[in-house]
Amino acid sequence: MNAPPPSAGGNTFAPGAPMAEASEPAAAKGAVMMDAAPAQAPAGAAPSTSMMPPSEMRRESEGAAKPTDQREAQNRPGLATQWGETRHSSITTVPFVRAEPMNPFGMTSLFYNDEQGARAMANASGFRRLQAQTFTLANGAVAVGLRGEGGGFLNGFVAGEKTFAIGQPGQRYSIVLRNLTPNRVECVVSVDGLDVLDGQAASFSKRGYLLDPHGEVEIDGFRQSMDTVAAFRFGSVRSSYANQKHGDTRNVGVIGVALFHERGTNPWTGSEIQRRQDANPFPGQFATPPGQ
Numbered sequence: 176m177n178a179p180p181p182s183a184g185g186n187t188f189a190p191g192a193p194m195a196e197a198s199e200p201a202a203a204k205g206a207v208m209m210d211a212a213p214a215q216a217p218a219g220a221a222p223s224t225s226m227m228p229p230s231e232m233r234r235e236s237e238g239a240a241k242p243t244d245q246r247e248a249q250n251r252p253g254l255a256t257q258w259g260e261t262r263h264s265s266i267t268t269v270p271f272v273r274a275e276p277m278n279p280f281g282m283t284s285l286f287y288n289d290e291q292g293a294r295a296m297a298n299a300s301g302f303r304r305l306q307a308q309t310f311t312l313a314n315g316a317v318a319v320g321l322r323g324e325g326g327g328f329l330n331g332f333v334a335g336e337k338t339f340a341i342g343q344p345g346q347r348y349s350i351v352l353r354n355l356t357p358n359r360v361e362c363v364v365s366v367d368g369l370d371v372l373d374g375q376a377a378s379f380s381k382r383g384y385l386l387d388p389h390g391e392v393e394i395d396g397f398r399q400s401m402d403t404v405a406a407f408r409f410g411s412v413r414s415s416y417a418n419q420k421h422g423d424t425r426n427v428g429v430i431g432v433a434l435f436h437e438r439g440t441n442p443w444t445g446s447e448i449q450r451r452q453d454a455n456p457f458p459g460q461f462a463t464p465p466g467q
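Printed below as a string of C-alpha cells:
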C-alpha cells in the first residue's frame, strides 16, 4: 500500500464519519486520513497483505530478518508496540491538497519505554519528570499525547530536547492529536518506524489523518480496514509488530508525527503572529493588595 508522493490532489482519512463517495474521502476517531489513491475494497473482500496480522505474513521476502536480527530482538530489553486485538474504528476519506507535498511544517518524535528504560535514556542528559499531559509541536500548532486505556495521559520525562512517555507491558494506548489552529492539518503518524495506516516503513510520501480546525483525533491502532484497527499495546521487542512482520527492530520505541498544511492556508495566522510579538516576559508591574 505504499502511496506515490502526494500530488496537487489527494484524499485523507477521517475517523468516526460515514463513508464518503469515492470522490470525497473521509476521517478517523476525531481524525481524518489522507490517501493519494485510497484503496476501497468491496464489502466482504479479504484484507490486503499489508493489513494482515503478523501471524498471517510468514512468507519469505527480500527484507526477511537474518538469524542474528532475531536473536537481537529476543534479547533487547524495554517496550515496543504489539499488534493488539481488533477494535472498531471507522474512517472515511476526504480531499486534501498539501501546500508542500514533501515538506512538513512541523515534525516531532515521542519516545516511549518502561520506567527503567526511560530513566536510563533520560539520565544521559538529565531530566525533569512530566505528569500526565500532552505537549505541543510546530510552535504550538498541534498538541500530542499518549492516552492509556484508563483515559488519562501517560506520565513521562523531558531530557534535553526529547520527550519520553512511560508505559507498562500489556497496556493499551492511543495517540491523541489536537489541532490548535483555525486551519485543517494533515498528520502523518508512525509507530516503531511503521506507518499507522499501512504498516509499512513510514515516509512523508504516505497520507495521514486529517485534523479539522481546533479538532481532535485519537488513533488507537494499526489500520486493518476502513472500520477496524489492531490496537496499540506495549509489549516486548520480540513480540512487537515491527519484529513479527518485518524482522526489523531498529526503530522500536519511537512515535513520529509530521504535519502538513493545506494549499491556500498558512499555519501561522496574523492573529497568532501578533499575539507572539506582543508577548510580555514580565507581565506583573506592581504589587496589589490581598484579594485583588
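In terms of our numbering, the sequence shown is residues 176 to 467.
We treat Cβ as the ideally placed atom computed from N, Cα and C, and that holds for glycine.
All of these numbers come straight from a predicted model, not from anything done at the bench.
Would you kindly check if the distance between the Cβ of residue j and the Cβ of residue i is under 8 Å?
| i | j | result |
| --- | --- | --- |
| E290 | R359 | no |
| T283 | L312 | yes |
| G405 | G259 | It is worth fixing the name first, because residue 405 is Ala in this sequence and not Gly. A contact, by the Cβ cut-off of 8 Å. |
| T356 | L285 | no |
| T440 | A274 | yes |
| T309 | G320 | yes |
| G345 | G396 | no |
| R398 | V371 | yes |
| L385 | F271 | yes |
| L374 | N288 | Per the sequence presented here, residue 374 reads as Gly, with Leu not at that position. Their beta carbons are not under 8 Å apart, which means G374 does not touch N288 by this criterion. |
| E393 | S349 | yes |
Using 8 Å for Cβ pairs, my map puts residue i next to residue j. What's the rounded Cβ distance?
| i | j | result |
| --- | --- | --- |
| T424 | V412 | 5 Å |
| R322 | V351 | 5 Å |
| H347 | E324 | The sequence shown places Arg at residue 347, not His. Their Cβ separation, rounded to whole angstroms, is 4 Å, which keeps R347 and E324 in contact under 8 Å. |
| L481 | A340 | Not covered by the structure: residue 481. The range shown for the chain is 176 to 467. |
| G342 | L254 | 5 Å |
| S265 | D402 | 5 Å |
| A295 | F332 | Between F332 and A295 the Cβ distance is about 11 Å, and since that is not below 8 Å, they are no contact. |
| E361 | F457 | That belief does not hold up - the Cβ atoms of E361 and F457 are roughly 38 Å apart, past 8 Å. |
| S380 | M277 | 7 Å |
Please report the residue range of the alpha helix (DSSP H) in which residue i lies.
| i | result |
| --- | --- |
| A295 | 290-298 |
Provide the residue span of the beta strand (DSSP E) that contains residue i, from first to last.
| i | result |
| --- | --- |
| V317 | 317-323 |
| G410 | 403-411 |
| E393 | 391-394 |
| T256 | 254-263 |
| T267 | 266-270 |
| H436 | 429-436 |
| P310 | Looking at the sequence provided, one finds Phe at residue 310 rather than Pro. From DSSP, the beta strand (DSSP E) with F310 extends over 310-312. |
| L385 | 384-386 |
Determine whether the Cβ of residue i lies closer than 8 Å to any Cβ atom of chain D.
| i | result |
| --- | --- |
| E437 | Any reference to chain D falls outside this structure, which holds one protein chain only. |
Stretch pair the stretch 402-418 + the stretch 364-371: three plus CB contacts closer than 8 Å: Using a Cβ-Cβ distance cut-off of 8 Å, the stretch 402-418 and the stretch 364-371 are in contact, since at least three pairs of beta carbons, one from each stretch, lie closer than that value.
3-residue-minimum beta strand (DSSP E) runs that sit fully inside the stretch 325-366, ordered along the chain: Counting whole runs of 3 or more residues, the stretch 325-366 contains the beta strand (DSSP E) stretches 331-334, 337-341, 347-354, 360-366.
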